[in-house]
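Heads up: the structure comes next, in structure tokens.
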Amino acid sequence: MTTLSKVSYFWRSAAGGLKHSPFVHFIAITTIAIALFAAGLTRTAGHALDGLLASLGGEVEVTVYLAPELSPEQVEAMRGQLETASGGRAVLVNPDEALGRLARELGDLGEALAQLPENPLPPSLELAVAPERRTPEGLEALAQQVRTLPGVTGVDYGQEAVERLTAIARALRYGGVVAFAVVLFATIIIVSATLQLAIYARREEIEIQKLVGATDRFVKAPFLIEGLLQGLLGAGVALAGLWLFGQLVGPSLASLFSFVLGPSSGEPLVRPGLALELVAAGGGLGLVGSFIAVGRFLRV
Numbered sequence: 001m002t003t004l005s006k007v008s009y010f011w012r013s014a015a016g017g018l019k020h021s022p023f024v025h026f027i028a029i030t031t032i033a034i035a036l037f038a039a040g041l042t043r044t045a046g047h048a049l050d051g052l053l054a055s056l057g058g059e060v061e062v063t064v065y066l067a068p069e070l071s072p073e074q075v076e077a078m079r080g081q082l083e084t085a086s087g088g089r090a091v092l093v094n095p096d097e098a099l100g101r102l103a104r105e106l107g108d109l110g111e112a113l114a115q116l117p118e119n120p121l122p123p124s125l126e127l128a129v130a131p132e133r134r135t136p137e138g139l140e141a142l143a144q145q146v147r148t149l150p151g152v153t154g155v156d157y158g159q160e161a162v163e164r165l166t167a168i169a170r171a172l173r174y175g176g177v178v179a180f181a182v183v184l185f186a187t188i189i190i191v192s193a194t195l196q197l198a199i200y201a202r203r204e205e206i207e208i209q210k211l212v213g214a215t216d217r218f219v220k221a222p223f224l225i226e227g228l229l230q231g232l233l234g235a236g237v238a239l240a241g242l243w244l245f246g247q248l249v250g251p252s253l254a255s256l257f258s259f260v261l262g263p264s265s266g267e268p269l270v271r272p273g274l275a276l277e278l279v280a281a282g283g284g285l286g287l288v289g290s291f292i293a294v295g296r297f298l299r300v
């Protein structure tokens, strides 16, 4: 038998196996589809979370309050020191500008600030931090370094907000990894079990193949292809489900969270990169499950 004939036989046998036990394979395909659908939603949520962190991270600023008695030359020297230490850009905010900004933020109550006998706000430098320094540890280290500089009366960078946001993001990522690992393990076990049933149902055919001299690889190949087909079909169902979810529920979610996630929340749910990942993951799940079933329960 030529190589092309063998390959053709393997695929026909695998397709016949799917038709021979449709209910059993339906369970495996559905399980893979559910797992990949959940993984797709998790990946999309992670993508949105990364976008949120990036947008908020881009707004992280360290406000350095300066002593009023500093001369313009000293302030300029301080600005250069801060930019060198942080790798970012520092902007001077004079007391009048700071008071006007506060009045705008207070709205109608801001008119009361005009009655103050003098401006109580000090000059400050708003420092935009480089991306690699926006971690809680990096910001804390930078704040400690800046506080030691002469002429600095205070440093503020929203420490609690940054730490909470980072902790939430870390918890969501770790939780997603653990949940995906559990679902992945359960999916492999179910796929393996369904193929065991398929192998048992075709045991007489396998015995005949061995009697006429079929090799182990020849007998096992169709079952491995069956697992691959299960995974690819499951990935297709998952992608269809994600697309339908995006069409029916996506606009409502995008409208609901647009004030947090911004315009990126309206991106399509099924992106080309995600589709390739799910197809590859589905094929991998099917192959791993079939390999376990063949290796442990097909004693040929």
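Residue numbers (the UniProt record's numbering): 1 to 300.
From the three backbone atoms N, C-alpha and C, an ideal C-beta is built for every residue, glycine too.
- Query: Is DSSP giving Y157 helix, strand or coil here?
  - Reply: Coil, per DSSP.
- In the DSSP assignment, what are the bridge partners of T63? T63 is bridged to E126, D156.
- How about Q209 and A28: are their beta carbons less than 8 Å apart? Cβ atoms of Q209 and A28: not closer than 8 Å.
- Query: Going by DSSP, what residues sit across from V177 in a beta bridge?
  - Reply: As computed with DSSP, V177 is found in no beta bridge at all.
- Message: Just to confirm my understanding: we take V270, look at its own chain, exclude 5 residues before and 5 after, and list those with CB closer than 8 Å. What are they?
- Response: Excluding sequence neighbours, V270 sits near G40, L239, L242, W243, G246.
- Helix, strand or coil for V294 per DSSP? In the three-state reduction of the DSSP assignment, V294 falls in the helix class.
- Under 8 Å, do S124 and Y174 count as touching if we go by C-beta distance? No; because the gap between Cβ atoms is not below 8 Å, this pair is not in contact.
- Message: Does L92 come out as helix, strand or coil in the three-state DSSP assignment?
- Response: Under the three-state reduction of DSSP, L92 is assigned to strand.
- Evaluate R202 with the Cβ neighbour count: other Cβ atoms within 10 Å of its Cβ, from every protein chain shown; 16 or more gives buried, anything less gives exposed. The residue in question, R202, is buried, as its Cβ has 16 or more Cβ neighbours within 10 Å.
- Look at the alpha carbon of L127 and the alpha carbon of S71, and state the distance between them as a whole number of angstroms. The straight-line gap from Cα to Cα measures roughly 19 Å.
- Query: Taking the alpha-carbon positions, what's the residue 339 to A167 distance?
  - Reply: With the chain covering only 1 through 300, there is no way to say anything about residue 339.
- Message: Need the endpoints of the alpha helix (DSSP H) that A77 sits in, please.
- Response: Per DSSP, A77 belongs to the alpha helix (DSSP H) from 72 to 86.
- To the nearest whole angstrom, what separates the beta carbons of E226 and L18, a pair I think is in contact under 8 Å? Right, their Cβ atoms sit about 6 Å apart.
- Task: Return the CA-CA distance between L92 and V177, expressed in angstroms with no decimal places.
- Result: Answer to the nearest angstrom: the Cα atoms are 44 Å apart.
- Taking all protein chains shown into account, do 16 or more other C-beta atoms lie within 10 angstroms of the C-beta of Y200, making it buried, or fewer, making it exposed? Y200 counts as exposed, since fewer than 16 other beta carbons sit within 10 angstroms of its beta carbon.
- Where P222 falls, given that 16 or more other Cβ within 10 Å makes a residue buried: Classification for P222: buried.
- Roughly how many angstroms separate the alpha carbons of E69 and T153, rounded to a whole number? E69 and T153: Cα-Cα distance of roughly 11 Å.
- Query: From T63 to A33, what does the alpha carbon distance come to, in whole angstroms?
  - Reply: T63 and A33: Cα-Cα distance of roughly 50 Å.
- Query: Do three or more CB pairs link the region 106 to 122 to the region 41 to 48 at distances below 8 Å?
  - Reply: Not touching, per the Cβ criterion.
- The alpha helix (DSSP H) spanning A240 covers which residue range? 216 to 248 is the span of the alpha helix (DSSP H), which, as asked, contains A240.
- Task: Please state if the CB of L184 and the CB of Y157 are separated by a distance shorter than 8 Å.
- Result: It is not a contact, given that the beta carbons lie outside the stated cut-off.
- Query: Looking at the structure shown, is P120 part of a helix, part of a strand, or coil, going by DSSP?
  - Reply: Three-state result, P120: coil.
- Message: As a quick exercise: from G295, S5, S290, L82, pick the residue whose alpha carbon is nearest that of T148.
- Response: Here the closest residue by C-alpha is L82.
- Identify which residue in L195, V237, V219 has its Cα closest to the Cα of V24. Of the candidates L195, V237, V219, the one whose C-alpha sits nearest the C-alpha of V24 is L195.
- Message: Considering only their Cβ atoms, is the gap separating P150 from L121 smaller than 8 Å?
- Response: Contact flag unset, no.
- Message: If you reduce the DSSP assignment to three classes, tell me which class L109 lands in.
- Response: L109: helix per DSSP, three-state reduction.
- List the endpoints of the continuous alpha helix (DSSP H) containing T3. Here the alpha helix (DSSP H) through T3 covers 3 to 20.
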